[in-house]
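In this note's numbering, the protein residues as written are 61 to 244. Below: one structure, written as C-alpha cells.
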Amino acid sequence: MKPLLHWFKYDFMKWMPKEVQCTLCNRPMRVQLDDNSATFRKTEIHMCDVCGSTQIFPRYDKILRIAETRIGRCSEWSMLFGAIVNSLSIQTRLVHDYLDHCWNESLVNKKWVHIDSTLDYPISFDHPYYYEQNWGKKYEYVLAFSANSIEDVTTRYTQQWLIVQNRRGKKDKLDEFKELYYRT
Numbered sequence: 061m062k063p064l065l066h067w068f069k070y071d072f073m074k075w076m077p078k079e080v081q082c083t084l085c086n087r088p089m090r091v092q093l094d095d096n097s098a099t100f101r102k103t104e105i106h107m108c109d110v111c112g113s114t115q116i117f118p119r120y121d122k123i124l125r126i127a128e129t130r131i132g133r134c135s136e137w138s139m140l141f142g143a144i145v146n147s148l149s150i151q152t153r154l155v156h157d158y159l160d161h162c163w164n165e166s167l168v169n170k171k172w173v174h175i176d177s178t179l180d181y182p183i184s185f186d187h188p189y190y191y192e193q194n195w196g197k198k199y200e201y202v203l204a205f206s207a208n209s210i211e212d213v214t215t216r217y218t219q220q221w222l223i224v225q226n227r228r229g230k231k232d233k234l235d236e237f238k239e240l241y242y243r244t
C-alpha cells in the first residue's frame, strides 16, 4: 500500500487549498459557493477583490471526472483513492467524520484499516487516532460507507468514547444517517 499511497499523493493528485491565492496578483481570493448543479456536488467560485480575476473549482462526485481533473480535497481524494484500491480487489470504503474530513478504510487481513491518501506515510496507514490526537477532532459520529451499507465506526477513531457519547446526547442519529444514505 505504501507505494500506491506515495504515487497517489505526490505524482497523481493535486491538492486544492481552501484559501486560494490569485494567480495574477498573488492576493487571497474570496469564495462564493454555487450549489445549483446536477453535475457537481457544489462549485466554488474564487474571486480576487484586487484584480477581478476568478478561479472556478467544481467539486465533482463522479470518480472518472475526478480522475480526469486530478485535483481536489479530502473528499475527492478519498473517493478516487478508494475506487483505485477497490479496483485492485481490496475491499475499501469511504469514512466521514461529519466535521470536515474524510478518508478510507480497507479490509486488510480481515480487519478494517485506516488509510488516508492526503497524509504522509506512515501516518496515512493504520493511525486511526491521528486526527483526535493531532488535529484536536471532537467527534460525534464517524461513519463508514460502502456500496450497500453504512456503519458507525466512531469507536475505532477515538480514545475518548465517553466524551463522544456525551457530545451525542441521548438521541442516536445513526438511523437518520441511514435514512438519508439509502434514499439517495
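Heads up, the beta-carbon is just placed ideally off N, CA and C, and yes, glycines get one too. Quick caveat: nothing in here was measured; it's all calculated off a predicted structure.
Rounded to whole angstroms, L159 and Q219 show a C-alpha spacing of 17 angstroms. Within the region 68-116, the complete beta strand (DSSP E) segments of 3 residues or longer fall at 90-94 and 100-107, listed in chain order. Measuring C-alpha to C-alpha distances from C82 to each of W75, Y201 and V91 identifies V91 as the nearest. Judged by their CB atoms, S206 and R153 are nearer to each other than the 9 angstroms cut-off. For A204, the enclosing beta strand (DSSP E) covers residues L203 to F205. Judged by DSSP in its simplified three-state form, D186 adopts coil rather than helix or strand.
Per DSSP, reduced to three states, the secondary structure at D180 is coil, with no helix or strand assignment. Around V213, the same chain offers V155, E165, W172, V202, L203 and A204 as residues with beta carbons nearer than 8 angstroms, after the five sequence neighbours per side are excluded.
The residues Y158, V224, R227 and R228, in chain order, have a CB closer than 7 angstroms to that of E200 in the same chain once the five nearest residues on each side in sequence are set aside. Our two residues, K74 and L64, have alpha carbons roughly 15 angstroms apart in a direct line. Residue A143 holds the alpha-carbon nearest to the alpha-carbon of L124 among S113, Q115, V80 and A143.
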